[in-house]
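Please read the structure below before turning to the comments.
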Amino acid sequence: MSPEQSLVRLDRRTVLKASLLAGGGLALEALIPLPASAWDAAAGKSSAAAQLSAFVSIAADGTVTIVSKNPEIGQGVKTSLPMMVADELDCDWSQVRIEQADVDQRRYGEQSAGGSTATPKNWLPMRQTGAAARAMLVQAAAQRWQVNAAELTTARGRIFHTASGRSLGYGEVASAAAALTPPDLSSVALKEPGQFTIIGRPVVGVDSARIVKGQPVFGADTRLPGMLYAIYEVAPAHGGRLVKANIEAARRSPGVRYVVPIIGNGDHDEGLADGVAIVATNWWLANQARTKLTVDWDLSAAKGHSSSVYRANADAAITAGTGTDLRVDGDPAATLAGAAKRVAARYDYPFLAHAAMEPQNCTARYREGRLEIWAPSQTPQRGLETLRKALGIAPDTVTLHLTRAGGGFGRRLMNDYMVQVAAIAKAIPGVPIQLLWSREDDLRRDYYRPAGWHSFEAGIGANGELSAFTDHFVTFGDGKTTARAAGLNLAMPPAGLIPHLRYRQSMMPTVVTTGALRAPGSNALCFASQSFLDEVAAAAGTDLPHFMLGLLGPRREVAAPGGGVTFDTGRARDVIEKVVQTSRWAQSPSQAHRARGFAFYFSHRGYFAEVVEASVAGDEVAAHKVWVAGDVGSQIVNPMGAENQVRGAVIDGLAQALTGQAVEFVDGVAQQSNFDDYRLARIPMTPEIEIAWVRSDKPPTGLGEPALPPVIPALTNAIFAATGTRIRSLPIRLKSA
Amino acid sequence: MPYRLNINGVTREVDVPPQMPLLWVLRDELGLVGTKYGCGKGLCGACTVHVDGAAQRSCQLPVGRVGNARIHTIEHIGTTAIGARLQEAWLKIDVMQCGYCQAGQIMSACALLGHTTKPSIDQINSAMAGNLCRCGCYNRIRSAIRIAAGMQDEESSRVA
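Heads up: the protein sequence lines correspond to chains G and A, in order. If you're matching positions, the first sequence starts at 23 in the numbering used here and goes up one per residue. If you're matching positions, the second sequence starts at 63 in the numbering used here and goes up one per residue.
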């Protein structure tokens with residue numbers, strides 16, 4: 023295995039700058055141009071800031087400060103990226119302080135959280151920067167002692183000259199090191215994996231100690247002198263416009279200081295929605311005053327945008343067979359016609375909300391032409407762009423501080439709350455404003471995981487092999503492009519694995535705003551396709567893991583259409599074989615109404631195979647144990663955080679299927695509004711979760727998403743095995759026997 | 063209405079309407095932001111505080127009904143023996159992901175260990191069922207409670 027393997031390589035344009043730290047010490051910054059195109063194509067993004075950065079400093083007292091530039095939303099990046107720097111610097115983790123960077127594209131390059139990309143992008147650059155700082159400290163010590171740098175060793179933040187028995191701490195030579203010319207970043211020596219002292223060890227999150235004491239770290243914890251609290255009342259239906267607002271009664275409500283009707287920019291997707299801001303001395307008082315508002319909304323745009331209508335449209339499109347063929351390989355129609363057996367089924371899934379525990383919020387102060395913002399955003403730089411478009415605020419007049427976010431799951435990729443608070447703060451210059459959405463606001467104005475409908479058909483050949491596969495997918499879009507996160511992944515297995523295949527798509531318009539939910543696309547497509555393939559496997563007289571192994575065939579790389587991420591059938595085989603082994607798949611439970619199901623998926627560069635053992639009693643389903651086998655490359659950076667991401671993903675997926683999660687719309691109005699009608703997993707339903715890592719020799723990749731998709735079809739396939747009932751629609755609703 | 067409240071052992075004076083939930087007195091009047099807003103309906107447990115030692119949802123407790131009750135919040139819980147043990151256990155296995163719900167989780171766990179020193183998994187499930195964790199840290203919440211209670215747990219042997 024080569025430690026240099028990485029998805030990002032440094033080139034000659036990399037800039038490494040050393041300077042003397044104020045108060046003495048070495049400050050080192052690396053600016054690393056990043057070839058953006060491959061990432062953007064894979065992430066479905068248009069274009070992004072194509073630069074990475076790393077900042078590390080060593081003070082005279084030996085304290086190491088590492089800048090964390092990306093948003094922390096619970097994925098652990100504020101801990102795991104600095105671990106990469108610190109390990110190669112060869113310091114002790116207890117010496118390290120983490121500093122959260124403000125948003126500054128020129129200084130920090132891309133600052134975002136999404137798509138499980140931070141680990142693969144930063145794996146090499148972060149380590150090289152740490153190694154460069156170490157090399158400079160060693161060089162400075164060699165000069166002081168008048169010895170050859172090759173004679174020196176380092177450990178836990180100290181430099182040793184064994185021959186003479188001398189040693190010193192990094193801080194003692196940090197100022198001298200600042201005067202040296204930095205080495206060529208691409209040629210600094212990196213550790214062999216066996217030499218890691220921090221990477222691969224369980225490290226507690228850098229904010230955890232503050233969180234257990236209730237100290238302020240989250241966006242909604244921001245408190246500024248003279249701050250007032252705001253709600254923003256928007257139209258009940260998506261796409262609604264403000265016609266007339268009577269604000270007098272609300273203005274007279276206790277504690278209310280300002281009531282501000284705001285006409286948005288007409289962009290109902292990513293712009294500023296029309297609304298009425300109520301600003302008070304206390305958030306509860308602002309929220310209470312909502313009931314005193316009398317607002318006329320024009321809701322005509324949302325008429326007919328109801329879940330029942332969407333369902334009927336989808337059925338009609340599937341029955342008519344109309345749509346656009348997005349991928350046709352070989353001759354699927356003829357192959358189906360000649361198949362020994364044919365299997366057909368329809369699958370569907372609902373709109374889902376993100377429901378992060380911290381409702382959307384943002385704090386802002388506008389004074390003297392400048393805006394200062396405190397935001398729990400996953401894409402703060404995109405937020406600046408949204409501010410420019412919606413409000414005409416120049417990005418260089420904004421100071422944007424990143425706060426920890428109480429969950430993201432993709433919701434905070436959007437910055438609607440940032441635009442709203444900016445509009446309110448601009449209307450009330452000089453006064454800091456904290457906008458906080460109620461839970462009801464949060465569930466009714468989400469960028470929902472879009473609902474979708476699939477009509478599958480498969481042909482089984484004479485030898486029990488999958489001979490042809492077709493999917494007619496009905497989704498949302500304007501007829502030309504699909505709505506956000508509503509597209510079909512044309513690399514979805516079995517594409518690329520069989521010669522005869524067709525992926526057809528129809529779309530219908532929606533006023534409902536849609537967006538990425540953890541493992542976007544995959545969280546739904548995996549349920550539908552792996553549940554259907556379980557049906558096909560059964561018809562072929564085998565089980566899904568063995569059917570998948572047959573389908574995958576020999577170890578090889580399968581290219582994805584459009585330059586997407588290559589699929590490695592060998593890595594897929596390995597995780598499937600691993601989970602078959604760890605779960606003792608061959609010895610499934612013999613109790614009545616208790617059984618196991620399996621599923622596999624590849625998303626966000628991670629390979630995951632999962633087995634769920636579930637039981638069914640009447641209409642109650644319980645998941646008892648989940649076995650996970652995952653391959654995210656050669657190295658788990660922080661096992662403490664990594665296992666948490668996998669457990670969280672498993673519970674998240676089970677909740678989507680088991681707790682009745684679905685957002686239904688009637689004329690554009692979301693019918694769910696709080697945790698009584700949009701239920702999350704609770705502790706009693708938590709299964710035992712056993713995780714096995716398959717360590718391939720590939721570069722490390724991210725874990726925020728890829729463990730989620732397989733757990734849902736593994737559960738639905740377990741329910742079939744236990745009861746003979748196929749679950750073809752989410753959420754799971756079993757009728758009492 | 064003026065109120066004198068006993069919060070974390072200190073008398074605090076506020077002037078707010080009697081219907082204002084204690085949550086918003088803590089967060090927006092007194093600056094004690096460790097207690098979190100999650101749902102406003104007593105469904106998620108993020109706002110859990112102790113009222114005379116019992117776990118209560120502060121979003122459902124009007125300040126006018128607090129009276130002389132002793133209120134304790136997450137900011138204070140580390141000064142109690144059980145609270146300190148829970149915080150230590152929480153950090154030992156790094157329970158949290160986003161962390162937003164954890165103050166409420168710890169407050170509920172603290173009330174549980176106050177009356178059940180060695181809770182079974184069923185007792186933990188029952189006492190903690192009102193506290194949502196969207197990140198799904200439930201396995202580790204169970205483990206941390208058992209570690210704080212001085213009980214053997216799979217997670218402690220795995221991560222230590």
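Glycine included, every Cβ here is placed at the ideal spot set by N, Cα and C.
Grouping DSSP H, G and I as helix and E and B as strand, with all else coil, what is A:V95?
Locating residue 95 of chain A in the second sequence gives position 33, where the first residue counts as 1. Reduced to three states, the DSSP call for A:V95 is coil.
Is DSSP giving G:I395 helix, strand or coil here?
Against the first sequence, residue 395 of chain G aligns to sequence position 373. In the structure shown, G:I395 sits in a strand (DSSP, three-state: E or B).
Just the C-alpha distance for G:A64 and G:A140, rounded to the nearest angstrom, thanks.
Walking along the first sequence from the start, residue 64 of chain G turns up at place 42. Walking along the first sequence from the start, residue 140 of chain G turns up at place 118. Per-residue confidence for G:A64 stands at a pLDDT of 42, beneath the threshold of 50, marking its modelled position as unreliable; the derived number appears in the next sentence. Going from the Cα of G:A64 to the Cα of G:A140 covers about 14 Å.
Anything in chain A within Cβ reach of G:T791, meaning under 9 Å, just list it in chain order.
Outside the shown range of chain G, which is 23 to 759, sits residue 791 of chain G, and nothing can be said about it.
Hey, is A:M190's beta-carbon within less than 7 Å of any beta-carbon in chain G?
Here residue 190 of chain A corresponds to residue number 128 of the second sequence, with the count starting at 1. It does; some Cβ of chain G falls within 7 Å.
Span of the alpha helix (DSSP H) holding A:R23?
Because chain A here runs from 63 to 222, residue 23 of chain A falls outside it and cannot be looked at.
In or out: G:D438 buried (at least 16 other Cβ within 10 Å) or exposed?
Taking the first residue of the first sequence as position 1, residue 438 of chain G is located at position 416. Buried is the call here.
Taking buried to mean at least 16 other C-beta atoms within 10 Å of its own C-beta, is G:I285 buried or exposed?
The residue labelled residue 285 of chain G in the question sits at position 263 within the first sequence. By the neighbour-count rule (16 or more Cβ atoms within 10 Å), G:I285 is not buried but exposed.
Please work out which residues of its chain come closer than 8 Å, Cβ to Cβ, to G:G628, disregarding the five sequence neighbours upstream and downstream, and give them in chain order.
Counting from one through the first sequence, the residue named residue 628 of chain G turns up at place 606. S138, G652, D653, V654, T723, G724, L725, E727, P728, A729, listed in sequence order.
When you compare the region 98-109 of chain G with the region 74-89 of chain G, are there three or more beta-carbon pairs, one atom per stretch, that lie closer than 8 Å?
Verdict: yes, contact present.
Using a C-beta to C-beta distance shorter than 8 Å, which residues of chain A count as neighbours of G:Y251?
As a working mapping, residue 251 of chain G is identified with position 229 in the first sequence. Residues of chain A passing the Cβ test: D90.
When you compare the region 210-229 of chain G with the region 109-127 of chain G, are there three or more beta-carbon pairs, one atom per stretch, that lie closer than 8 Å?
Yes, since at least three Cβ pairs between the region 210-229 of chain G and the region 109-127 of chain G fall closer than 8 Å, the two stretches touch.
On a CA-only basis, which of A:G104, A:H112, A:I69, A:C106 is nearest A:A91? Give me that one, please.
If you number the second sequence from 1, residue 91 of chain A lands on position 29. First, the amino acid is wrong: residue 91 of chain A is Glu here, not Ala. Nearest option by C-alpha distance: A:I69.
Using a Cβ distance threshold of 8 Å, determine whether the region 156-166 of chain A contacts the region 374-384 of chain G, with at least three qualifying pairs required.
They touch, by the three-pair rule.
When you compare only the Cα positions, how much space is there between G:D291 and G:A323?
For the purposes of this step, residue 291 of chain G is taken as residue 269 along the first sequence, with counting starting at 1. For the purposes of this step, residue 323 of chain G is taken as residue 301 along the first sequence, with counting starting at 1. Their backbone Cα atoms lie some 13 Å apart in a straight line.
Going by other Cβ atoms of all chains shown within 10 Å of its Cβ, with 16 needed for buried, is A:M63 buried or exposed?
As a first step, residue 63 of chain A must be located in the second sequence, where it is residue number 1. That one is exposed.
Tell me whether G:R273 sits in a helix, a strand or coil according to DSSP, three-state version.
Within the first sequence, numbered from 1, the residue matching residue 273 of chain G stands at position 251. If DSSP states are grouped into helix, strand and coil, G:R273 belongs with the helices.
So, are the CB atoms of G:G619 and G:N739 less than 7 Å apart?
Here residue 619 of chain G corresponds to residue number 597 of the first sequence, with the count starting at 1. Here residue 739 of chain G corresponds to residue number 717 of the first sequence, with the count starting at 1. Result yes, Cβ atoms of G:G619 and G:N739 sit closer than 7 Å.
Determine the extent of the beta strand (DSSP E) in which G:Y623 is found, giving its start and end residues.
Taking the first residue of the first sequence as 1, we reach residue 623 of chain G at position 601. Taken as a continuous stretch (DSSP letters only), the beta strand (DSSP E) holding G:Y623 covers 616-625.
State buried or exposed for G:Q603, treating a residue as buried only when at least 16 other CB atoms are found within 10 Å of its CB.
Counting from one through the first sequence, the residue named residue 603 of chain G turns up at place 581. Counting Cβ neighbours within 10 Å, G:Q603 comes out exposed, since fewer than 16 surround it.
Taking G:A545 as part of the alpha helix (DSSP H), name the residues at either end of that continuous run.
The count along the first sequence starts at 1 and reaches residue 545 of chain G at position 523. Checking the sequence shown, residue 545 of chain G turns out to be Asn, not Ala. It spans 544-561 - the alpha helix (DSSP H) in which G:N545 sits, taken as one unbroken run.
Leaving out the 5 sequence neighbours to the left and right, which residues in its chain are closer than 6 Å to G:D464 when beta-carbon positions are compared?
Taking the first residue of the first sequence as position 1, residue 464 of chain G is located at position 442. Correct list, in chain order: P381, Q382.
Just the chain A side, please: which residues come within less than 9 Å of G:A427 by C-beta, in chain order?
The residue given as residue 427 of chain G occupies position 405 in the first sequence. Chain A residues near G:A427: C160, Y162.
Flag A:M213 as yes if its beta-carbon sits less than 7 Å from any beta-carbon of chain G, otherwise no.
Residue numbering aside, residue 213 of chain A sits at position 151 when the second sequence is read from its first letter. Taking Cβ atoms only, chain G never reaches closer than 7 Å to A:M213, which makes this a no.
Is the CB of A:V111 under 7 Å away from at least one CB in chain G?
Along the second sequence, read from residue 1 onward, the residue named residue 111 of chain A stands at position 49. No, no contact with chain G.
Could you tell me which whole alpha helix (DSSP H) segments of length 4 or greater appear in the region 695-758 of chain G?
Here the runs fully enclosed are 733-745.
When the Cα of G:A162 is compared with those of G:N144, G:P147, G:Q73, G:A198, which residue comes out closest?
One-based indexing of the first sequence puts residue 162 of chain G at position 140. When only C-alpha atoms are compared, the closest one is G:A198.
Taking C-beta pairs closer than 7 Å, name the residues in chain G that A:Q122 reaches, listed in chain order.
Counted from its first residue, the second sequence places residue 122 of chain A at position 60. What A:Q122 touches in chain G: nothing, since even the nearest Cβ is about 12 Å away.
At 7 Å on the CB atoms, spell out the chain A contacts of G:D243, in chain order.
Along the first sequence, one-based indexing puts residue 243 of chain G at 221. Under the 7 Å cutoff, chain A gives V95.
Determine the DSSP secondary structure at G:K363, reduced to helix, strand or coil.
In the first sequence, counting from the first residue as 1, residue 363 of chain G sits at position 341. The answer is strand: DSSP assigns G:K363 an E or B state.
Can you pull out the residues from the region 212-232 of chain G whose beta carbon lies closer than 7 Å to at least one beta carbon of chain A?
Within the region 212-232 of chain G, the qualifying residues are P224, V226, G227, D229, S230, A231.
Which chain A residues sit within Cβ distance under 7 Å of G:D674?
For the purposes of this step, residue 674 of chain G is taken as residue 652 along the first sequence, with counting starting at 1. The contacting residues are G198.
Under 7 Å between beta-carbons, which chain G residues line up against A:C101? List them in chain order, please.
Counting from 1 along the second sequence, the entry for residue 101 of chain A is found at position 39. The answer, in chain order, is R461, N696, F697.
Going straight from the alpha carbon of G:K67 to that of A:R74, what length do you get?
Within the first sequence, numbered from 1, the residue matching residue 67 of chain G stands at position 45. Within the second sequence, numbered from 1, the residue matching residue 74 of chain A stands at position 12. With a pLDDT of 45 at G:K67, under the threshold of 50, the predicted position of this residue should be treated as unreliable, though the coordinate-derived value follows. Taking the straight line joining both Cα atoms gives about 51 Å.
At least one CB of chain A closer than 7 Å to the CB of G:G236: is that the case?
Taking the first sequence and counting its residues from 1, one reaches residue 236 of chain G at position 214. Cβ-Cβ to chain A under 7 Å: yes for G:G236.
Residue range of the alpha helix (DSSP H) that G:A449 falls in?
If you number the first sequence from 1, residue 449 of chain G lands on position 427. Counting along the chain, the alpha helix (DSSP H) containing G:A449 begins and ends at 438-449.
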